[in-house]
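Enquirer: Protein sequence lines correspond, in order, to chains A and B.
Residue numbers for the first sequence follow this note's numbering, beginning at 1 and rising by one.
Residue numbers for the second sequence follow this note's numbering, beginning at 404 and rising by one.
Virtual Cβ for every residue (Gly too), placed ideally from N, Cα, C.
Sharing a structure below in C-alpha cells format, with a few things to ask.
Protein chains: 2
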Amino acid sequence: MSSGPLSGLHVLDLSTFVAGPSGTMVLAQLGADVVRVDPLGGATDTRRLPLAPDGSSLYWAGLNRHKRSVSLDLAGEAGRAVVRRLLARPGDGYGILVTNAVNQPWLDYDALRGVRPDLVMVHIAGRPDGRPAVDYTVNAEVGLPWLTGPVDSTRPVNHVLPAWDLLTGLHAALSVVAADRRRRATGRGELIRINLSDVAVTTLAHLGFLADTAVNGSTRVREGNYLYGAYGSDFATKDGHRIMVIALTDRHWARLVEVTEAAAVISALEERLGADFSRERHRYAHRDLITAVLNPWFSARVRSEVVDRLERAHVLWGDYRRTEELDVGPDSPVAASGLFEAVDHPGVGTYPVPGPVARMRGWDPPRPAPAATIGEHTGQVLAEWLAAGEAELAGLRAAGVTR
Amino acid sequence: MSSGPLSGLHVLDLSTFVAGPSGTMVLAQLGADVVRVDPLGGATDTRRLPLAPDGSSLYWAGLNRHKRSVSLDLAGEAGRAVVRRLLARPGDGYGILVTNAVNQPWLDYDALRGVRPDLVMVHIAGRPDGRPAVDYTVNAEVGLPWLTGPVDSTRPVNHVLPAWDLLTGLHAALSVVAADRRRRATGRGELIRINLSDVAVTTLAHLGFLADTAVNGSTRVREGNYLYGAYGSDFATKDGHRIMVIALTDRHWARLVEVTEAAAVISALEERLGADFSRERHRYAHRDLITAVLNPWFSARVRSEVVDRLERAHVLWGDYRRTEELDVGPDSPVAASGLFEAVDHPGVGTYPVPGPVARMRGWDPPRPAPAATIGEHTGQVLAEWLAAGEAELAGLRAAGVTR
C-alpha cells in the first residue's frame, strides 16, 4: 500500500451504497489501507447502475477504488469469525470498522469489543430511531425540494446529487481519523453513530434555515436559479448557451455593471427605487429587475463573445455544461483539474479516473487505478493480517467460507 | 475548550463564506480549538443573509459556532505579524492554517514556513488555475442543473444546497487531521490545496458519470423526481401531501407492491412486457408505468392513512416537508434527532442549535452555544498562545491592530 498522510491506518469496510464507500475511498486515497469485506459474490450494491456492457457496475467501480477486496460467507459463523479475527488483528491503526449494516447482532459494538477492546467503529444509519432512510427521503424531509426549481412549479423538485450520502461519508471518514487519534493518546476505542437524517437537518441549521424561521418567521420560497442572499442569475446567450453569473462581492457587482454597459440604467433605477445596488441586500431584493436589465446584453451576443468580455472584466461566471461534456475540451473540468488519468479497465474500457482531491505538495498520491474485483485480495489480506498459510486458506475455500 | 477526539489540535481559521468555516466548525465540534481570525469589524461574510432584526447574520452564526474569534487589522503589517506569531506558537497541534484568501502574498506557504517550518496549511480555492469559482458556477459546470427538475423543463435548474462548498469543507477538515497525523509521525508539515471545481468533477467521476459516457456513450437526461438506477417516485395523497417512496432493494419492492395491493396488475404487466420487476433494472426501465399503476392507491387515501400503511409494511418513504417545519412536531427531523438544544442568542432570540452530528458514546460533546462575536477572544487568545500581557495588549489596541 502506498504511504501517505493516513498510512498506518487499516480500515475494515463493511459499508455499501454511497455514504460509507465514498468516505472510506477518501481514506484510501490519503494512504489508509482500506479492506472492503463483501459477502461471496458481492453485496447488494455490486450491480447498481450504470453498468458496463460486461455487466460490471461503473458506479461501484467509482466508489471503491484504492481499496482491497475480501469476500467471505458473511451469513455463516465461520465467515463472521474471520471478520472478528481481522478486527482483532493487533497493532496500532488496526481494529477499525465502518458499516451500515442493519439488524446484524454479530456486528454489535459491545460484542466486537470482546475481541478488540479498543475498537473504533463507525455505524452509518438512516435515522436515530433505527428506521431506515436514504438520501432521497431525507432530502424530501428537510424541505429543499419545495425550494428547488422554477418559481411557478407546483411540485417538489428532487436533487440529483446524493449530497447527504456524500456528506455523511466524509463525516464518517473524519470520525475514523479523529477517533484513531484519540485512541493513540488514550488507548480508548469509540462507537460513532452517524445518521443521514441528522446530517441533513444539522446542515440546514448551520446554514441558518432554522434560525431564520424562529427569529424572523420567514417562509422560504422558490427563487428559481437565483442565488439566495446575493445577486446571481443565469442568462441565455444569442446562440442558445446558458451561463451562471454571480456578484458575490461589491467588486464583482461593479465589474458586472461595467462590462454589461448598464451603469446609466442601474443608476437611474437606484434613484427611482430609492435603492443602493452597491449593497448586497438591495441587489438581492431587486434581482428580478436587475436580471431583466442585464438580459438583453447577453441575448445579443454569442457565448464566445460573452465569455471573452466577462473574463477580461474578471466577472465571476460559469458555463452550464452537460455531464457528458465533463472531459471534453481543454477548458473542461477534467482537463483543467489535472487530477485525472485515463485508466484502462480490462473488459470494460478506458475512461478518466481522478486521484485524491486534496493536493498535497509533499506526497505522491496513489495513481488512479481500477477498483478491485470482489474477493481479489482475500488470500493476500488473510495472509498479511492473520498470518494465514496455504493450508488454512485451502481449508476456508473447501468449507465455502471464501472462494 | 472542551476535550474531545480532536483535543490538542489548534487551528487558525482565516476562511470565509461556507466551505472553510463549515469544515473548521466540524473540527471544533470534535474538540479542536479553532480560532477564527477576522479583519477588524469582520470579513466579507459577516453580514450575509439571513439576518436577525439586530442586523447580525444568522448564517454566519450557524457556520462559526464553537470557534473563538480574534480580530486584527489584517491590512497592516503589525496585524499580519500577530498572525505569524500565532502560527509560530510552538507545540504539537499548533501551526495549522485554513484559508481561502486569494492573492495574499503574506499568506504564501513558503513565506509562512519561515516562522513555522512544519506548518500545515489548507488552501481552499475555486479552480486549480487560480481563477475564481463558487458553488453555483461549479455546479453549472459539472452539468447537474440540466438533469434536475421536471422532464419538460427547457432551462437548467440550480440546486439550493451549497453541496460543493459543504463537501469541500469536510475534505479540508479531513486533510487537517490527516496532515497533523503525519506531522506527528514525521515532523513534516504540508501544503494542501483543495479546489471547489475539483471536488465537483471528481465526485461526479466517483458516481460513474464519466465512465457511463466513455463506456456506454450515455447521455443522461432529466428524470424528474425519479431515483436514478432503481425505483423511486414521489406521490400525492388525497389531502394534497406529497411523499417520496423508494424501492432500493428487492425486499422494499415486494413490500411496496403488497401494501398498494398491486400484485395482480404488476404480474399481468410483467407478462405483457416480458419484464421481471423483481429485478432492479426492469423496475427502473418501467418507472413511469409503475408510478402510473401505483398512483391511484396514494391519491385515494389521506396522508395519515398512507403513512400508517407504509410504516406497518416497512416501506421506505419520506415526507416532503417545508424548511420552516424542520422543528415542528414530534416526528420532525429536529425532534427526532435529539441533537438540538434551544439556545438563547442575546439580542436575537431563541432557536434550536445542533451538537456534533457524529454521536460518540465515550465523549460528552460541547453544548450547542451561540457563535462568538467578532473579536470576542482577541485578548484571551493572544494571552494564551503568545503570553501577551496587559501592556502588550494595550499597545496593540492603541496602535489600531486590535480593538
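With a cut-off of 8 Å, do at least 3 Cβ pairs link the segment 101–112 of chain A to the segment 709–723 of chain B?
Expert: no
Enquirer: Using the C-alpha atoms, what's the distance from A:G395 back to A:A178?
Expert: By 1-based counting over the first sequence, the position of residue 178 of chain A is 178. By 1-based counting over the first sequence, the position of residue 395 of chain A is 395. For A:A178 and A:G395, the distance between alpha carbons rounds to 38 Å.
Enquirer: Could you pull out every unbroken alpha helix (DSSP H) segment of at least 4 residues lying fully inside the segment 285–356 of chain A, listed in chain order?
Expert: 287–299, 303–312 and 333–337
Enquirer: Between B:T540 and chain A, is any beta-carbon pair separated by less than 8 Å?
Expert: Your numbering for residue 540 of chain B matches position 137 in the second sequence. At least one chain A Cβ lies under 8 Å of B:T540.
Enquirer: Can you confirm whether B:A576, when its beta carbon is compared against all beta carbons of chain A, has any partner nearer than 8 Å?
Expert: On the second sequence, position 173 is the one that residue 576 of chain B refers to. Yes - at least one Cβ of chain A is within 8 Å of the one on B:A576.
Enquirer: Take B:V746 and list the residues in its own chain whose beta-carbon comes closer than 8 Å to its own, dropping the five residues that flank it on each side.
Expert: Here the question's residue 746 of chain B lines up with position 343 in the second sequence. If we look at B:V746 and ignore the five residues flanking it on each side, its Cβ neighbours are T753, Y754, P755, V756, P771, A772 and P773.
Enquirer: Quick check on the DSSP output: the beta strand (DSSP E) that includes B:N628 runs from which residue to which?
Expert: Indexing the second sequence from 1 puts residue 628 of chain B at position 225. No beta strand (DSSP E) contains B:N628, which DSSP labels as neither H nor E.
Enquirer: If we call anything under 8 Å between Cβ atoms a contact, is A:V160 one with A:A200?
Expert: Translated into positions along the first sequence, residue 160 of chain A becomes position 160. Translated into positions along the first sequence, residue 200 of chain A becomes position 200. Result no, Cβ atoms of A:V160 and A:A200 do not sit closer than 8 Å.
Enquirer: Tell me whether A:G375 is buried or exposed, calling it buried when 16 or more other Cβ atoms sit within 10 Å of its Cβ.
Expert: Taking the first residue of the first sequence as position 1, residue 375 of chain A is located at position 375. The residue is buried, with at least 16 neighbouring Cβ atoms inside 10 Å.
Enquirer: Taking three-plus beta-carbon pairs below 8 Å as touching, is the segment 534–552 of chain B in contact with the segment 385–394 of chain A?
Expert: no
Enquirer: What span of residues does the alpha helix (DSSP H) with A:P21 cover, start to end?
Expert: In the first sequence, the residue the question calls residue 21 of chain A occupies position 21. Looking at the DSSP string, the run of the alpha helix (DSSP H) that includes A:P21 is A19 to Q29.
Enquirer: Roughly how many angstroms separate the alpha carbons of A:S337 and B:G611, rounded to a whole number?
Expert: For the purposes of this step, residue 337 of chain A is taken as residue 337 along the first sequence, with counting starting at 1. For the purposes of this step, residue 611 of chain B is taken as residue 208 along the second sequence, with counting starting at 1. Approximately 18 Å between the Cα atoms of the pair.
Enquirer: So is A:P333 buried or exposed if we call it buried at 16+ other beta carbons inside 10 Å?
Expert: By 1-based counting over the first sequence, the position of residue 333 of chain A is 333. A:P333 comes out buried.
Enquirer: What residue does the alpha helix (DSSP H) around B:R558 start on, and which one ends it?
Expert: Here residue 558 of chain B corresponds to residue number 155 of the second sequence, with the count starting at 1. From DSSP, B:R558 is part of no alpha helix (DSSP H); its letter is neither H nor E.
Enquirer: Quick one: is B:W788 buried, meaning 16 or more other Cβ sit within 10 Å of its Cβ, or exposed?
Expert: Locating residue 788 of chain B in the second sequence gives position 385, counting from the first residue. Looking at its Cβ environment, which holds 16 or more other Cβ atoms inside 10 Å, B:W788 is buried.
Enquirer: Name the two residues that bound the continuous alpha helix (DSSP H) containing B:V602.
Expert: Against the second sequence, residue 602 of chain B aligns to sequence position 199. From DSSP, the alpha helix (DSSP H) with B:V602 extends over L599 to H609.
Enquirer: Less than 7 Å separating the Cβ of B:E793 from some heavy atom of the ligand HEM?
Expert: Ligands are entirely absent from the displayed structure, and the ligand HEM is therefore not among its contents.
Enquirer: According to DSSP, simplified to helix, strand and coil, what is B:M404?
Expert: Your numbering for residue 404 of chain B matches position 1 in the second sequence. Low local confidence applies: a pLDDT of 36 at B:M404 is under 50, so the model's placement there is unreliable, with the coordinate-based value given in what follows. It is coil, neither helix nor strand.
Enquirer: Any C-beta of chain A sitting closer than 8 Å to the C-beta of B:R706?
Expert: Here residue 706 of chain B refers to the residue found at position 303 of the second sequence. False, the Cβ-Cβ gap to chain A never drops below 8 Å.
Enquirer: Could you compute how far the alpha carbon of A:T16 sits from the alpha carbon of A:D250?
Expert: For this step, residue 16 of chain A is matched to residue 16 along the first sequence. For this step, residue 250 of chain A is matched to residue 250 along the first sequence. Going by the C-alpha atoms only, they are around 45 Å apart.
Enquirer: Closest Cβ-Cβ distance between A:F209 and chain B: below 8 Å?
Expert: For the purposes of this step, residue 209 of chain A is identified with residue 209 of the first sequence, where counting begins at 1. A:F209 counts as touching chain B.
Enquirer: Less than 7 Å between C-beta atoms, sequence neighbours within five positions excluded: which residues of the same chain meet that for A:Y59?
Expert: Your numbering for residue 59 of chain A matches position 59 in the first sequence. So the list reads R48, L49 and P50, once near-sequence residues are dropped.
Enquirer: Leaving aside the five residues before and after A:A88 along the sequence, list all residues of the same chain whose C-beta is less than 8 Å from its C-beta, in chain order.
Expert: On the first sequence, residue 88 of chain A is found 88 positions in, with the first residue counted as 1. Hits under 8 Å: G95, V115 and R116.
Enquirer: Looking only at its own chain, which residues have a Cβ that is under 6 Å from the Cβ of B:H748, when we skip the five neighbours before and after it?
Expert: Numbered from its first residue, the second sequence carries residue 748 of chain B at position 345. P773, listed in sequence order.
Enquirer: Using three-state DSSP, classify B:A528 as helix, strand or coil.
Expert: The residue you call residue 528 of chain B lines up with position 125 of the second sequence. Strand.
Enquirer: Near A:N158, what residues of its chain come up, given a Cβ to Cβ distance below 7 Å and the 5 sequence neighbours on each side ignored?
Expert: On the first sequence, residue 158 of chain A is found 158 positions in, with the first residue counted as 1. Taken in chain order, the residues that qualify are Y136, N139 and P145.
Enquirer: Taking a cut of 8 Å between CB atoms, which residues from the segment 719–747 of chain B lie near chain A?
Expert: L719, W720, G721, D722, Y723, R724, R725, T726, E727, E728, L729, D730, P736, V737, A739, S740, G741, L742 and F743
Enquirer: Based on the DSSP secondary-structure assignment, which residues constitute the bridge partners of A:P39?
Expert: By one-based count along the first sequence, residue 39 of chain A stands at place 39. For A:P39, which the question treats as bridged, DSSP gives the partners A:L72.
Enquirer: Quick one: residues in its chain with C-beta nearer than 8 Å to the C-beta of B:Q783, no 5 flanking neighbours on either side, listed in chain order?
Expert: Along the second sequence, read from residue 1 onward, the residue named residue 783 of chain B stands at position 380. These residues qualify, in order along the chain: R471.
Enquirer: Return the bridge partner residues of A:D407 from the DSSP annotation.
Expert: Residue 407 of chain A is absent from the structure shown; chain A starts at 1 and stops at 403.
Enquirer: I'd like to confirm the pairing. Which residues does DSSP put opposite A:I266 in its beta bridges?
Expert: For this step, residue 266 of chain A is matched to residue 266 along the first sequence. Paired residues: none, contrary to the question.
Enquirer: Can you check whether the C-beta of A:M1 is within less than 8 Å of a C-beta belonging to chain B?
Expert: As a working note, residue 1 of chain A is residue 1 in the first sequence. In this prediction, A:M1 has a pLDDT of 36, which is less than 50 and means its spatial position is unreliable; what the coordinates show is noted afterwards. Answer no: the Cβ-Cβ gap between A:M1 and chain B never drops below 8 Å.
Enquirer: For B:M404, which residues from the same chain have a beta carbon less than 6 Å from its beta carbon, with the 5 sequence-adjacent residues on both sides left out?
Expert: For the purposes of this step, residue 404 of chain B is identified with residue 1 of the second sequence, where counting begins at 1. Here the model assigns B:M404 a pLDDT of 36, short of 50, so the residue's position is not dependable, and the following value carries that caveat. Correct list, in chain order: D436.
Enquirer: Closest Cβ-Cβ distance between B:Y754 and chain A: below 8 Å?
Expert: Start at 1 with the first residue of the second sequence, and residue 754 of chain B comes out as number 351. Closer than 8 Å: yes.
Enquirer: If you measure from the beta carbon of A:G362 to each beta carbon in chain B, is any gap under 8 Å?
Expert: As a position in the first sequence, residue 362 of chain A is number 362, starting the count at 1. Using a Cβ-Cβ cut-off of 8 Å, A:G362 counts as an interface residue toward chain B, since at least one Cβ of chain B sits closer than that to its own.
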